[in-house]
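Single-structure report; data block below.
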Amino acid sequence: MLKHLLAILFCSTLSFGADTFITAPYLQLGASTNDATKLSLMWHTPDTPDAGAKFEVRVKPAGGTKWVPAESVDHRRIAVREIEPHLVYTAELKGLKPGLEFDYEVLRAGEVVFASRGLARKTAAQSYKFVVFGDSGQNNAPQKAVAKQVNLLMPDFVQVTGDIVYSRGRISEYREKHFPIYNSEAVPLLRRRPMIGVVGNHDTATSDLTKYPDALAYYYYWTQPLNGPDVEAAGQPRRFEGDAADIQAVRDGAGDSLKRMGSFSFDYGNAHWVALDMNAYLDWSAPKLREWLERDLKAAQSATWRFVTMHQPAFNSSKAHFKEQHPRWVADLMEKYHVDLVFAGHVHNYQRTYPLTFKVAADAPKLGLVPGEFQFDREFDGVSKTKAKSPIYIVTGAGGAGLYDPAQGDEQGSWQSYTTKFVSNVNSFSWIEVTGKKLDFKQLDATGREVDRFTLTK
Ligand SMILES: [Fe+2]
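Per this note's numbering, the very first residue in the sequence shown carries number 4; after that it's consecutive.
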């Protein structure tokens with residue numbers, strides 16, 4: 004036991020002391036949409052002459068003795084202008100015991116170079132707890148304070164609702180504003196729990212590869228299910244500006260992720276999750292994208308809970324970003340298929356709506372202000388009346404970036420009719436605990452102080 008603890012300590016030190024890693028190993032949801040015995044592990048290394056030294060990964064149940072080798076260890080070479088070419092490794096872990104902790108080791112040329120403990124995904128029968136926040140990657144004190152608090156609580160997984168790194172989703176920005184904040188020895192969150200990433204405008208909307216050849220790093224550094232709509236086949240391919248070599252370098256590095264990974268779905272515990280790329284370069288009023296979303300949600304009606312995440316909020320009371328209402332085009336599907344919570348960020352504060360339904364007006368534009376007809380469930384109070392008739396929309400974009408409209412939380416007269424809670428003077432994150440048909444939601448600030456709470460039941 005002591006030997007093992009020393010090994011973990013030693014390896015953890017090694018990961019930052021040696022040249023092995025540019026980015027130390029971090030857990031990822033992986034490609035599987037629902038297999039609780041699997042997760043992925045990623046890390047980045049320099050592309051040095053000895054880069055071919057073989058990596059292996061093995062796992063065992065926490066406290067157990069029998070190591071299980073990873074199903075596969077693969078890598079891609081990222082070679083974009085302005086960044087030294089480097090290798091991005093992905094190991095597919097298998098044989099995990101659902102819901103239980105496991106130990107893992109990364110070996111290079113037979114030597115252990117990293118070790119940590121993780122937590123396997125949970126099945127429908129198990130309780131789970133997770134954190135959601137967005138708009139985080141600034142490398143500032145609020146981001147670090149939120150990271151520290153989340154690490155203290157150690158949820159089963161974290162979902163980030165976009166704007167993962169400011170301000171252009173560059174490789175250089177991930178190295179300064181993401182990995183060091185959430186995957187350090189003091190805050191070892193990413194090596195212990197999977198973080199799930201949803202794209203914001205600052206992550207993937209940069210298309211000028213002449214100026215920012217290392218943008219779009221989201222597509223290199225996350226391993227998530229590739230079950231989203233093929234945006235090229237849907238007639239909405241991403242377009243980039245730059246010379247052919249820069250564009251090809253991105254395509255080579257990103258592979259299939261580029262056309263699929265912005266939107267995806269998966270199951271965790273007794274919930275079905277859908278992540279949507281809500282950036283304005285996609286038109287979610289278009290039938291082909293809506294068909295994918297409708298099919299996905301329709302197939303998930305047997306799940307106890309349904310959660311949807313998108314960066315831009317459909318219903319926002321802040322003065323900031325108020326005129327970006329295009330996410331309202333999918334609100335009808337949220338209510339039709341009984342989505343319970345819709346998480347967004349983009350707006351750097353916390354907001355909660357009444358349970359609501361929304362019908363887009365006949366002449367509404369695709370972008371900008373999207374008028375329509377609301378219905379509110381005002382009976383729901385989240386305390387004694389906990390069964391909501393329609394989806395609740397959450398803005399949880401206070402994960403680190405400068406707060407928006409900090410005074411507005413206290414100016415209730417300035418809130419839109421759909422908003423029932425608005426906290427804009429502190430950085431915060433959503434903390435959700437689900438046990439069967441009961442969901443406890445808390446919004447906590449960076450010191451762990453509660454700024455909102457409600458309970459949902461089925
Ligand atoms: Fe944003």
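Note that beta-carbon positions come from the ideal geometry of N, C-alpha and C, so glycine has one too. Predicted, not measured: the structure shown is a model, and the values here were computed from it.
Residue i beta carbon near ligand 1 (any heavy atom closer than 7 Å)
i	result
Ser352	It should be noted that the sequence gives Asn, not Ser, for residue 352. Outside the cutoff, so no.
His329	no
First through last residue of the beta strand (DSSP E) which encompasses residue i
i	result
Lys291	Here Lys291 belongs to no beta strand (DSSP E); instead the alpha helix (DSSP H) covers Pro290 to Lys301.
Tyr107	Glu104 to Arg111
Tyr221	Premise fails: Tyr221 lies in the alpha helix (DSSP H), Tyr221 to Tyr224, not in any beta strand (DSSP E).
Gln354	Tyr353 to Thr356
Tyr407	Per DSSP, Tyr407 belongs to no beta strand (DSSP E) and is neither H nor E.
Val60	Phe58 to Pro64
Gly375	Gly375 to Phe379
His89	His89 to Leu96
Tyr271	Phe267 to Tyr271
Ile81	Ser75 to Ile81
Phe361	Leu359 to Val363
Gly238	From DSSP, Gly238 is part of no beta strand (DSSP E); its letter is neither H nor E.
Tyr29	Thr26 to Gln31
Arg242	Element bounds for Arg242: n/a, residue is neither H nor E.
Asp455	Glu453 to Thr460
Ser43	Leu42 to Pro49
Leu279	Ala274 to Leu279
Thr399	Ile395 to Thr399
Cut-off 6 Å between Cβ atoms - residues of its own chain near residue i, not counting five sequence neighbours on either side
i	result
Asp413	none
Val109	Pro28, Val60, Val116 and Phe117
Thr360	Glu338, Gln378 and Ser393
Ala127	Asn273
Thr438	Ser130
Gln462	This structure cannot speak to residue 462, because the chain is shown only from 4 to 461.
Phe318	Thr356, Tyr396 and Tyr421
Gln3	Given that the chain is displayed from residue 4 to residue 461, the structure contains no residue 3 and the question cannot be resolved.
Val253	Leu219
Ser260	Tyr222
Ala94	Leu44, Val60, Ala73 and Val76
Val83	Pro216, Asp217 and Ala252
Ile435	Phe133 and Phe444
Gln419	Ser320
Gln328	Leu372 and Val373
Glu376	Lys362
Cβ-based neighbour list, residue i, same chain, cut-off 8 Å, excluding 5 preceding and 5 following
i	result
Leu90	His47, Thr48, Pro49, Asp50, Ala54, His78, Arg79, Arg80 and Ile81
Glu87	Pro49 and Asp50
Thr458	Gly385, Val386, Thr389, Lys441, Leu442, Asp443 and Phe444
Phe3	No answer is possible for residue 3: it lies beyond the span of the chain, which begins at 4 and ends at 461.
Asp408	Ser321, Lys322, Ala323, Asn352 and Ser427
Leu8	With a pLDDT of 48 at Leu8, under the threshold of 50, the modelled position of this residue cannot be trusted; read the value that follows with caution. Counting only Cβ-Cβ distances below 8 Å, and skipping sequence neighbours, we find nothing.
Residues near residue i in its chain [Cβ-Cβ closer than 7 Å; skip 5 each side]
i	result
Gln527	Shown here, the chain extends from 4 to 461; a query on residue 527 therefore has no answer.
Lys69	Lys63
Thr36	Pro228, Asn230, Ser268, Phe269 and Asp270
Arg194	Ala27, Pro28, Tyr29, Leu30, Ser119 and Asn186
His181	Gly140, Ile167 and Val168
Glu114	none
Ile250	Leu212 and Phe243
Enclosing alpha helix (DSSP H) for residue i [first to last residue]
i	result
Asp206	Asn204 to Thr207
Gly256	Ala247 to Ala257
Asp335	Ala334 to Lys339
Ser260	Ser260 to Arg263
Leu193	Leu192 to Arg195
Within-8 Å CB hit, residue i to chain C
i	result
Ala367	Absent here is chain C; the protein component of the structure consists of one chain.
Near ligand 1, which residues have their beta-carbon closer than 5 Å to a heavy atom? Asp166, Gly203, Asn204 and His349
3 or more residues per run - each beta strand (DSSP E) lying fully within the segment 420-449: 422-426, 431-438 and 441-448
Can you give, in chain order, each stretch of the alpha helix (DSSP H) that sits fully within the segment 119-189 and has at least 4 residues? 144-156, 174-180 and 182-185
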